[in-house]
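Residue numbers (my numbering), protein chains in the order written: chain R, 1 to 119; chain U, 1001 to 1115. Where is the CB? At the ideal position from N, CA and C, for every residue including glycine. Values in this document were obtained by computation on a predicted structure and should not be read as measured data. These notes concern the structure reproduced below.
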Amino acid sequence: EDQVTQSPEALRLQEGESSSLNCSYTVSGLRGLFWYRQDPGKGPEFLFTLYSAGEEKEKERLKATLTKKESFLHITAPKPEDSATYLCAVQARPPPPGAGGTSYGKLTFGQGTILTVHP
Amino acid sequence: NAGVTQTPKFQVLKTGQSMTLQCAQDMNHEYMSWYRQDPGMGLRLIHYSVGAGITDQGEVPNGYNVSRSTTEDFPLRLLSAAPSQTSVYFCASRRGLPGSSYEQYFGPGTRLTVT
């Protein structure tokens, strides 16, 4: 069974204080690892997709990296507007033809890290 | 594009009542899905659809029904509401062939309380 564990559960930073969020995963063949941002009372908003170990992607103050067992979301010089819950999800590769099971590519989500950045 | 829209935004039901949560997308996405989000549990898949007329169960399907008569719409029906179904419900859609890894787009959510 695919599993995703995010840590820490909550992180409080001062504005400008860089840090990292962790996403550890086990999956039967990784098809993709996704990072989402969720603001209170809203739906998750897509940030990044990572496909293979060693891959990195950046967007403004955020950089996501991937190894064979975990992904990190690095936040450089965060601002109060970066405060949100950050969700990690993995998608397994579909089974080979004839092996049975769904080929839909279900996402398994972690519980999220609540990030608060104080001015 | 409106993206993924959901109605209502808030709903209160009494135990045993039924209702339908509406979801629509205007991106011509093949795949649509319903999740529920509970504190400490993360997002859990209820039902999904890979195209009009095709639906399947996710992790937590009991007490919910879905149908997909058009590409755009994917309603979720609660047959007989129970307090355990108090949650925030998100609809999502994505494009792509089976097994592809395109990102999902989520709606704004419906907050449901069952008393």
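Short CB-CB distance (under 7 Å) between residue i and chain A
i	result
L1013(U)	In the structure shown, chain A does not exist; the protein chains are R and U.
Residue burial classification, residue i (beta-carbon count within 10 angstroms, cutoff 16)
i	result
L1079(U)	exposed
Q91(R)	buried
P44(R)	buried
M1041(U)	exposed
R1036(U)	buried
Separation of residue j from residue i, as counted between CA atoms
i	j	result
F1090(U)	Q14(R)	32 Å
F82(R)	F1106(U)	The sequence given here has Asp at residue 82(R), not Phe. Straight-line Cα distance between these residues: approximately 19 Å.
Y1048(U)	A1082(U)	21 Å
L21(R)	K79(R)	16 Å
P1039(U)	Q111(R)	8 Å
E70(R)	F34(R)	12 Å
P8(R)	V117(R)	15 Å
T986(U)	A1052(U)	Since the displayed chain U opens at 1001 and closes at 1115, residue 986(U) lies outside it and no answer follows.
P1061(U)	L1045(U)	8 Å
Interface flag, residue i vs chain R, CB-CB below 7 Å
i	result
P1108(U)	yes
E1118(U)	Outside the modelled stretch of chain U, which goes from 1001 to 1115, sits residue 1118(U), for which no answer is possible.
G1042(U)	yes
L1045(U)	yes
F1090(U)	yes
E1072(U)	no
Residue i at chain U interface by Cβ criterion, 7 Å
i	result
G43(R)	yes
P72(R)	Looking at the sequence itself, residue 72(R) is Phe, so the reference to Pro does not match. With 7 Å as the cut-off, F72(R) does not count as an interface residue toward chain U.
K106(R)	yes
T65(R)	no
G110(R)	yes
T26(R)	no
T85(R)	no
T5(R)	no
T113(R)	no
T49(R)	yes
Three-state class that DSSP yields for residue i in the structure shown
i	result
Q1104(U)	coil
Q1085(U)	helix
L33(R)	strand
Q111(R)	coil
F1074(U)	coil
Y1035(U)	strand
V27(R)	coil
K57(R)	strand
R1111(U)	strand
A1002(U)	coil
Alpha helix (DSSP H) segments (min. 4 residues) lying fully within the region 1005–1030 of chain U: none
Complete runs of the beta strand (DSSP E) confined to the region 75–109 of chain R [at least 3 residues]: 84–92 and 107–109
Runs of beta strand (DSSP E) wholly within the region 1037–1069 of chain U (minimum 3 residues, chain order): 1042–1051, 1054–1057 and 1064–1066
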